[in-house]
Amino acid sequence: MKRVVMLTALIAAGAASYVVAQQGGQKPMVVEVQKLKDNLFVLTGGGGNTTVFVQSNGITVVDTKNPGWGAPILAKIQELSPKPITTIINTHSHGDHVSGNVEFPATVDVVVQENTAANMKEMMSPPGMGKPGANKPTIFEQNQGKGLPKRTFKDRMTLFKGPDEVELHYFGRGHTNGDAWVLFPAARVVATGDIVPGKRVPIVDSNNGGSGMEYGDSVAKAHSRFTKVADTFVTGHALTMTGAELIEYATFMREFAEAASAAKKAGTSVEAHAKSYAIPAKFKDYTPAQEPGVRSATQAIYDELDAIKPTGTRPTGR
Ligand SMILES: [Zn+2]
Numbered sequence: 059m060k061r062v063v064m065l066t067a068l069i070a071a072g073a074a075s076y077v078v079a080q081q082g083g084q085k086p087m088v089v090e091v092q093k094l095k096d097n098l099f100v101l102t103g104g105g106g107n108t109t110v111f112v113q114s115n116g117i118t119v120v121d122t123k124n125p126g127w128g129a130p131i132l133a134k135i136q137e138l139s140p141k142p143i144t145t146i147i148n149t150h151s152h153g154d155h156v157s158g159n160v161e162f163p164a165t166v167d168v169v170v171q172e173n174t175a176a177n178m179k180e181m182m183s184p185p186g187m188g189k190p191g192a193n194k195p196t197i198f199e200q201n202q203g204k205g206l207p208k209r210t211f212k213d214r215m216t217l218f219k220g221p222d223e224v225e226l227h228y229f230g231r232g233h234t235n236g237d238a239w240v241l242f243p244a245a246r247v248v249a250t251g252d253i254v255p256g257k258r259v260p261i262v263d264s265n266n267g268g269s270g271m272e273y274g275d276s277v278a279k280a281h282s283r284f285t286k287v288a289d290t291f292v293t294g295h296a297l298t299m300t301g302a303e304l305i306e307y308a309t310f311m312r313e314f315a316e317a318a319s320a321a322k323k324a325g326t327s328v329e330a331h332a333k334s335y336a337i338p339a340k341f342k343d344y345t346p347a348q349e350p351g352v353r354s355a356t357q358a359i360y361d362e363l364d365a366i367k368p369t370g371t372r373p374t375g376r
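Encoded structure:
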């Protein structure tokens, strides 16, 4: 009997180390907790930020990290509260924000923007990231559809009531064509997802409908909607921002697009512009611009400008 238990333990340990190895390193899967309010937390590590909102009768989770990180998130949430997880909101379709969905109970209600629901069926990587075909079968197909959204919204949706309320918003294309912004009104906190990744040049994922030309405007719309109702913005991959930092990010992306448009007009190649681009000094504490991120965002903008029809109408994305 003892031997059986030992053997089971060994197999379990083996399985755990396999999962760790799958993450591309020997690092243990550590989820760290940042407390924003008594009932609102940010879990870091393992991909994009995860926001956890403990409500009267359950828990809402925003984003679920890379493959294999659902279980570590669940374990960490259980340390924070014994309440059941009722709802997952995914801010967009990228694998480092949605993959943990498949490890949550099948009863959890998954809610996303409608374009993100379409993108989650394909799980395309951004241009230049991920091998062609590596998205198929998707993590959801491998799990018989578990973790896919059953509810979607277009521009706005309200979940729950009173102190439990959660508001979902979509303000237009940016990182993808389905970037959801999640407001927790009682806490005056917004989870932004990767449309605000942190103070740096973002990924403009044209494979999932992202837009470099519309990016800054979408962020500015969010700022004007939230400026009176939120003080703290949980970014996709860095820590939090203030409202002032959010509108600064909108300006940063508008100017990034203007610089790329001007370069294109002047006949500068994508490569040459990306090489010469540096983040203007007025944007303090920004991560220095790096290849291939700048090239990829610049390429997206050049392609969008090429796609503008002679009548001046812009494509609206897929
Ligand atoms: Zn992303």
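Take the sequence shown: its letter number 18 is residue 76 in this note's numbering, and every next letter is one higher.
Glycine included, every Cβ here is placed at the ideal spot set by N, Cα and C.
### Query
How about Glu172 and Phe229: do their beta carbons lie closer than 9 Å?
no
### Test item: CB-CB of Thr145 and Val224 under 9 Å
Yes, these two residues count as a Cβ contact at 9 Å.
### Task
Run through the region 171-242 for me and flag every whole beta strand (DSSP E) of 3 or more residues, listed as ranges in chain order.
Segments of the beta strand (DSSP E) lying fully in the region 171-242: 209-211, 214-217, 224-228 and 238-242.
### Task
Could you check what DSSP says for Gln80 in three-state terms: helix, strand or coil?
Any answer about Gln80 is weak, because its pLDDT of 48 lies below 50 and its placement is not dependable; what the coordinates show is given next. The answer is helix: DSSP assigns Gln80 an H, G or I state.
#### Entry: Same chain, Cβ closer than 6 Å to Leu378, five either side skipped, listed in chain order
In the structure as shown, the chain begins at 59 and stops at 376. Residue 378 is therefore absent and cannot be evaluated.
### Message
Within 8 Å, do at least three Cβ pairs link the region 201-208 to the region 260-274?
### Response
no
### Task
Check whether the region 348-368 touches the region 177-194, taking contact to mean three or more Cβ pairs, one atom from each stretch, closer than 8 Å.
yes
### Query
Between the C-alpha atoms of Ala129 and Gly251, what's the straight-line distance to the nearest angstrom?
21 Å
### Query
Got a sec: does ligand 1 put a non-hydrogen atom nearer than 8 Å to the Cβ of Thr250?
No, the beta carbon of Thr250 sits no closer than 8 Å to any heavy atom of ligand 1.
### Segment limits, beta strand (DSSP E) that includes Leu98
Leu98 to Thr102
### Task
Give me the Cα-Cα distance between Glu107 and Leu132, rounded to the nearest whole angstrom.
Per the sequence shown, residue 107 should be read as Asn rather than Glu. When rounded, the distance between both Cα atoms is 14 Å.
### Message
Buried or exposed, going by whether 16 or more other CB atoms sit within 10 Å of the CB of Thr109?
### Response
buried
### Query
Does DSSP put Glu349 in a helix, in a strand, or in coil?
coil
### Query
How big is the Cα-Cα spacing for Phe284 and Leu241?
8 Å
### Task
Could you have a look at Leu132 and say whether DSSP puts it in helix, strand or coil?
Leu132 falls in the helix class under three-state DSSP.
### Exposure of Thr149, with buried meaning 16 or more beta-carbon neighbours within 10 Å
Buried is the call here.
### Query
Would you say the beta carbon of Asp263 comes nearer than 8 Å to a heavy atom of ligand 1?
The answer is yes for Asp263.
### Task
Flag Thr345 as yes when its Cβ comes closer than 8 Å to any non-hydrogen atom of ligand 1, and as no otherwise.
No, Cβ of Thr345 sits at least 8 Å from all heavy atoms of ligand 1.
### Task
Determine the burial state of Val88: buried for a count of at least 16 other Cβ atoms within 10 Å of its Cβ, exposed for fewer.
exposed
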